[in-house]
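In full-length UniProt numbering, the protein residues as written are 1 to 332.
The beta-carbon is built from N, C-alpha and C at its ideal position, and this holds for glycine as well.
On a predicted model such as this, the values are computed, not experimentally measured, just so you know.
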Amino acid sequence: MDPRSEVLLRQADLFQRPVLLAGLPADDLLGALPQASGWTWHAGDQAAADSRFPGRSHFGTTPPATPFGAAVLFLPKSRELADYLLAALAARLPGGDLFVVGEKRGGIERAAKQLAPYGKPRKLDNARHCQLWQVTVEQAPAEPDLLRLAQRYRLELADGPLDVVSLPGVFSHGRLDRGTALLLQHLEDLPRGHILDFGCGAGVLGAVLKRRYPDSRLTLLDVDAFAAASSRLTLEANGLEAEVITATGIRGAPGELAAIVSNPPFHQGVHTHYGATEELLRQAREHLSPGGEMRLVANSFLRYPPLIEYHLGPCQTLAEGDGFRIYRARRS
1 MDPRSEVLLR QADLFQRPVL LAGLPADDLL GALPQASGWT WHAGDQAAAD
51 SRFPGRSHFG TTPPATPFGA AVLFLPKSRE LADYLLAALA ARLPGGDLFV
101 VGEKRGGIER AAKQLAPYGK PRKLDNARHC QLWQVTVEQA PAEPDLLRLA
151 QRYRLELADG PLDVVSLPGV FSHGRLDRGT ALLLQHLEDL PRGHILDFGC
201 GAGVLGAVLK RRYPDSRLTL LDVDAFAAAS SRLTLEANGL EAEVITATGI
251 RGAPGELAAI VSNPPFHQGV HTHYGATEEL LRQAREHLSP GGEMRLVANS
301 FLRYPPLIEY HLGPCQTLAE GDGFRIYRAR RS
């Protein structure tokens, strides 16, 4: 059981009613709280909930339409995302109870300040290196407009400007990260055909690829609903069309790909997590056509070439700079 869920269950009497668990982990919490429902924006957590508690979890960037009398937010790493989620929940709970639970290293100690606009916050519990806070919503806000919270910026590229739209919680929110900046300089000579942008984030790579390879089919994949929504907005802002999907990892990707291009994720919440990338390296061969190529950027200290060569084929370092390396390998 996730330690945040354990803290909730120490106060289980508070949650024996219709309560929405926003950002809930993939554990047994729904089983322990029979009147609760879930809301998640993580495709893997949604798949886990669907398999164990069918029909009890909602996936997306907005709360479910079904009514709820109280809500618990599992505090996300991003403060901008937390602010949006709290406002979205508080708007549905005038006079109701809003709870926040999180790890100390995840920023839960700022919860009192974040809850203060809605009422008088109070700490209910402090255990398992986590805290649980509660506020009765006395000042319910208007429902927040997620699009108005987007950050927009323009990249001046060799083939023209690219407009990027980034929603709260998306990787490198509102700016271009160094790894992607390096990879953008090394996208030439990709095989033509179906190209996958794995871990698409705000859709920078996918949009650039679609513009440079207009005759290729482009699919953008991410585990996060906010990232998928951002990618769709970035594509639309540049007059481009491509498929955007959410899936837990490379296993959810199409097959017979000509190329996989990625700045792969390495964080899950406040934790460093390389599982999705390592699975990509192990499984890429199954999704690439013969002669298909994988091209990715990674921190220089990560020992990915031996893993790439074991599962796919000879690995070439195309470039190195600013603490990152660009790797290329082709399926034989």
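What would DSSP say about residue i, mapped onto helix, strand or coil?
{"i": "SER289", "result": "strand"}
{"i": "THR246", "result": "strand"}
{"i": "HIS58", "result": "strand"}
{"i": "VAL208", "result": "helix"}
{"i": "ARG161", "result": "With the sequence shown as reference, residue 161 is identified as Pro, and Arg is not the correct amino acid for it. Strand."}
{"i": "GLN283", "result": "helix"}
{"i": "GLY179", "result": "helix"}
{"i": "GLY192", "result": "One point to set straight first is that residue 192 is Arg, not Gly, in the sequence displayed. Looking at ARG192 - three-state DSSP - the assignment turns out to be coil, as it is neither helix nor strand."}
{"i": "THR302", "result": "Position check: residue 302 holds Leu in this sequence, whereas Thr was assumed. Residue state, collapsed to three classes: coil."}
{"i": "LEU307", "result": "helix"}
{"i": "ARG328", "result": "strand"}
{"i": "GLU320", "result": "strand"}
{"i": "ASP2", "result": "coil"}
{"i": "SER230", "result": "helix"}
{"i": "CYS315", "result": "strand"}
{"i": "LEU235", "result": "helix"}
{"i": "GLN155", "result": "Looking at the sequence itself, residue 155 is Leu, so the reference to Gln does not match. In this structure, LEU155 counts as strand in the three-state DSSP scheme."}
{"i": "LEU240", "result": "coil"}
{"i": "VAL221", "result": "According to the sequence displayed, residue 221 carries Leu and not Val. If DSSP states are grouped into helix, strand and coil, LEU221 belongs with the strands."}
{"i": "GLY174", "result": "coil"}
{"i": "LEU184", "result": "helix"}
{"i": "GLY275", "result": "helix"}
{"i": "HIS267", "result": "Confidence at HIS267 is low in this model, with a pLDDT of 43, below 50, so its placement is unreliable and the value that follows should be read with caution. Note: HIS267 maps to strand in three-state DSSP."}
From the options, pick the residue whose C-alpha is nearest to that of residue i; which is it?
{"i": "GLU156", "options": "HIS58, GLY95, ALA181, LEU318", "result": "ALA181"}
{"i": "ALA329", "options": "ASP322, GLY323, GLY321, THR317", "result": "THR317"}
{"i": "residue 345", "options": "ALA12, ASP2, SER300", "result": "Examination of residue 345 is not possible in this model, given that the chain is present from 1 through 332 alone."}
{"i": "LEU281", "options": "PHE301, TYR310, ASN299", "result": "TYR310"}
{"i": "ALA82", "options": "VAL100, THR246, GLY255, SER216", "result": "VAL100"}
{"i": "GLU6", "options": "GLY23, ALA32, LEU20", "result": "ALA32"}
{"i": "GLY107", "options": "PHE74, ARG303, ARG331, VAL137", "result": "PHE74"}
{"i": "SER37", "options": "VAL170, ARG56, PRO264, TYR304", "result": "ARG56"}
{"i": "ASN238", "options": "ASP222, SER262, ARG152", "result": "ARG152"}
{"i": "ALA70", "options": "GLY252, GLY95, ASP50, LEU288", "result": "GLY95"}
{"i": "ALA111", "options": "LEU93, ALA127, ALA91, LEU86", "result": "LEU86"}
{"i": "PRO214", "options": "ARG192, LEU220, SER231", "result": "ARG192"}
{"i": "ASP145", "options": "ARG232, VAL244, LEU167", "result": "LEU167"}
{"i": "THR66", "options": "PRO76, LEU20, ARG178", "result": "LEU20"}
{"i": "ALA227", "options": "ASP322, PRO265, LEU218, LEU209", "result": "PRO265"}
{"i": "GLY44", "options": "ARG79, ALA88, ALA276, ALA12", "result": "ALA276"}
{"i": "TYR323", "options": "ARG178, ASP189, PRO306, ASN263", "result": "The residue asked about is misnamed: residue 323 is Gly in this sequence, not Tyr. Nearest option by C-alpha distance: ARG178."}
{"i": "LEU147", "options": "HIS194, VAL244, ASP222, TYR84", "result": "TYR84"}
With a Cβ-Cβ cutoff of 9 Å, do residue i and residue j count as a contact?
{"i": "PRO18", "j": "ARG4", "result": "no"}
{"i": "ASP163", "j": "ARG175", "result": "no"}
{"i": "LEU257", "j": "GLY292", "result": "yes"}
{"i": "GLN139", "j": "PRO121", "result": "no"}
{"i": "LEU124", "j": "LEU205", "result": "no"}
{"i": "GLN134", "j": "ASP97", "result": "yes"}
{"i": "ALA319", "j": "GLN131", "result": "no"}
{"i": "GLY249", "j": "ARG211", "result": "no"}
{"i": "ARG10", "j": "ASP28", "result": "no"}
{"i": "GLY23", "j": "HIS42", "result": "yes"}
{"i": "ALA225", "j": "THR246", "result": "yes"}
{"i": "GLY203", "j": "VAL261", "result": "no"}
{"i": "LEU183", "j": "CYS200", "result": "no"}
{"i": "ARG325", "j": "ALA298", "result": "yes"}
{"i": "ALA253", "j": "SER231", "result": "no"}
Shorter than 8 Å, the distance from the beta carbon of residue i to the closest heavy atom of the ligand COA, or not?
{"i": "ASP224", "result": "This structure lacks the ligand COA, and indeed carries no ligand of any kind."}
Could you pull the DSSP bridge partners for residue i from this structure?
{"i": "GLY252", "result": "DSSP lists no partner for GLY252."}
{"i": "ARG295", "result": "VAL261, ARG328"}
{"i": "ASP215", "result": "ASP215 is not bridged to any residue."}
{"i": "residue 346", "result": "Outside the modelled stretch of the chain, which goes from 1 to 332, sits residue 346, for which no answer is possible."}
{"i": "PHE198", "result": "LEU221, SER262"}
(Q) Extract the residue ranges of the beta strand (DSSP E) inside the UniProt domain "Methyltransferase small N-terminal" (5 to 153), only unbroken runs of 3 or more that lie entirely within it. (A) 19 to 22, 37 to 40, 57 to 59, 70 to 74, 97 to 103, 122 to 127, 130 to 136
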